[in-house]
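K.L.:
Numbering (the numbering used here), first residue to last: 318 to 704.
1. Could you tell me the boundaries of the alpha helix (DSSP H) in which residue 684 lies?
2. May I have the straight-line CA-CA distance separating residue 634 from residue 610, to the nearest angstrom?
3. Between the alpha carbons of residue 578 and residue 506, how many angstroms are there, rounded?
4. So, residue 501 versus residue 692, is the Cβ gap smaller than 8 Å?
5. Excluding the 5 residues flanking residue 676 on each side, which residues of the same chain have their C-beta closer than 8 Å to its C-beta?
6. Counting only runs of 3+ residues fully inside the segment 416-472, write out the beta strand (DSSP E) ranges in chain order.
7. Where does residue 560 sit, in a helix, a strand or coil, going by DSSP?
8. For the beta strand (DSSP E) that residue 578 lies in, which residues bound it at each end?
9. Return the first residue and the last residue of the alpha helix (DSSP H) that residue 627 is part of.
10. Determine, using beta carbons only, whether residue 700 and residue 405 come nearer to each other than 8 Å.
11. Taking a contact to mean a Cβ-Cβ separation below 8 Å, would you say residue 392 touches residue 474 in this structure?
12. Contact defined as beta carbons within less than 8 Å: I believe residue 447 pairs with residue 695. What is the distance between those atoms, to the nearest angstrom?
13. Find the nearest neighbour of residue 435 within the set 464, 462, 395, judged by alpha-carbon distance.
14. Thinking C-alpha only, which one of 605, 613, 690 is nearest residue 672?
15. Is any heavy atom in the ligand ZN found nearer than 7 Å to the beta carbon of residue 441?
16. Spatial neighbours of residue 515 within its chain, please: CB distance less than 6 Å, with the 5 preceding and 5 following residues excluded, ordered by chain position.
17. Specify, as a first and last residue, the run of the beta strand (DSSP E) that residue 530 falls within.
18. Assuming residue 554 and residue 602 make a contact with CB atoms under 8 Å, what is their CB distance in whole Å?
19. Would you kindly report the start and end of the unbroken beta strand (DSSP E) that includes residue 696?
20. Buried or exposed: residue 571, going by 16 or more other Cβ atoms within 10 Å of its Cβ?
21. Can you give me the start and stop residues for the alpha helix (DSSP H) that residue 587 sits inside?
22. Name the two residues that bound the continuous beta strand (DSSP E) containing residue 498.
23. To the nearest angstrom, how far is it from the Cα of residue 582 to the Cα of residue 589?
24. Go ahead and pull the three-state DSSP assignment for residue 597.
25. Comparing C-alpha positions only, which one of 550, 619, 378, 618 sits nearest to residue 486?
26. State yes or no: is the C-beta of residue 616 within less than 8 Å of the C-beta of residue 647?
27. Measuring CA to CA, which of 650, 670, 414 is closest to residue 453?
28. Could you check if residue 585 is buried or exposed, using at least 16 other CB atoms within 10 Å of its CB as the buried criterion?
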């Protein structure tokens, strides 16, 4: 059955991945005002206040981008693109230029419209894509948790900016046993996080993990100092490889200040955080580089200003063309070091992956990719760990 109301916003995931809603409410603030009845505070106890003893045995830990995926959050398919009046014509054309030419007319036709209402047949196809990915994940033994649908009040609060509940990768992310609520550069995306609130209350807060949230930025038009100071840190830019974490920076999403925040948060746990400069037309790091397994990358090297990070320089690489990268050829999803999910549109890339003894699962993700996000964007791991 088709869902009511769906869509992202203005940027690869902001002109389309996300019209989430104009102001931001961190999970931490929400939890403080409405704590779940079964959840206790996590972290070290100082002997005062609520007990810090976890009330859940759920394992939350992400070892790397390719460690066996055991529990994952899968996004819904809700989106209403922002109205044309919410950005300057110059900014709109700049953002639109990130998308493949064949996707731009569709984007123009959907501005200011709820996807499910405007194109119900296309909406059904989009939901079918997510259902197909769900089935593949379950087939390989992965526990799948879905984000909830946005409420009528949350959708209405977006106003002309619209709303998004389609790409769970950016609003928050998991590094080791840290679950981190991010800070999104585009104001219209800053309430995408609300669709995951129930998961935080039920699964994260009661578990033996660390929960943190970046300071939320001021609301400022993007044409004014690129939207303000931030700090900005989006999950599409954050990639984990053991105790080494990469943070992409192209000027469209995460910033050096966001990477500094992550570095300060993770340093006591022994992590190194490396900033990876990218070309200005690359939305996120996962749109130009992806780890398939230990020692193997899919990568559009021209998108990386300083080339492949030294830590990964000895890895084998499958080169991705600019056209493939624009269509999200690096945004596949490793289910384990021996299973990889991609779109049949990237059969050439899939064939190269298969030459390394890896099973390739193909899922048609045409509608999702048209909104600026593929398999990695659509999922957020809670547990990835080698046995």
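Beta carbons are placed, not taken as given, at the ideal position from N, Cα and C, and that holds for glycine.
None of the values given here were measured: they were computed from a predicted structure.
P.N.:
Let me lay it out:
1. For residue 684, the uninterrupted alpha helix (DSSP H) segment begins and ends at 683-687.
2. In this model, residue 634 and residue 610 are separated by some 11 Å (Cα to Cα).
3. Between residue 578 and residue 506, the C-alpha separation is close to 20 Å.
4. No. Outside cutoff.
5. Within the same chain, residue 676 has close Cβ partners 655, 656, 657.
6. Taken in chain order, the whole beta strand (DSSP E) runs of length 3 or more contained in the segment 416-472 are 460-463.
7. Three-state DSSP puts residue 560 in coil, outside helix and strand.
8. Note, residue 578: premise wrong, no beta strand (DSSP E); alpha helix (DSSP H) at 573-583.
9. From DSSP, residue 627 is part of no alpha helix (DSSP H); its letter is neither H nor E.
10. Cβ distance not < 8 Å, so residue 700 and residue 405 don't count as in contact.
11. Between residue 392 and residue 474, the C-beta gap is not smaller than 8 Å, which leaves the two residues out of contact.
12. Between residue 695 and residue 447 the Cβ distance is about 7 Å, and since that is below 8 Å, they are a contact.
13. Looking at the Cα atoms, 395 is the closest of the given residues.
14. Comparing Cα positions, the closest option is 613.
15. As presented, the structure is devoid of all ligands, the ligand ZN included, so that no description of it is given.
16. Within the same chain, Cβ atoms closer than 6 Å to the Cβ of residue 515 are found at 465, the five residues on either side in sequence being excluded.
17. For residue 530, the enclosing beta strand (DSSP E) covers residues 527-530.
18. Right, the Cβ-Cβ distance comes to about 5 Å (below 8 Å), so this counts as a contact.
19. Annotation for residue 696: the continuous beta strand (DSSP E) segment containing it runs 696-701.
20. Around the CB of residue 571, 16 or more other CB atoms lie within 10 Å, so the residue is classed as buried.
21. No alpha helix (DSSP H) contains residue 587, which DSSP labels as neither H nor E.
22. For residue 498, the enclosing beta strand (DSSP E) starts and ends at 495-498.
23. Going by C-alpha positions, residue 582 is about 11 Å away from residue 589.
24. Annotated three-state conformation of residue 597 is coil, per DSSP.
25. If you compare the alpha carbons of 550, 619, 378, 618 with that of residue 486, the shortest gap goes to 550.
26. Yes, they are a contact pair.
27. Of the listed residues, the one whose Cα sits closest to residue 453 is 650.
28. Exposed, because fewer than 16 other Cβ atoms sit within 10 Å of the Cβ of residue 585.
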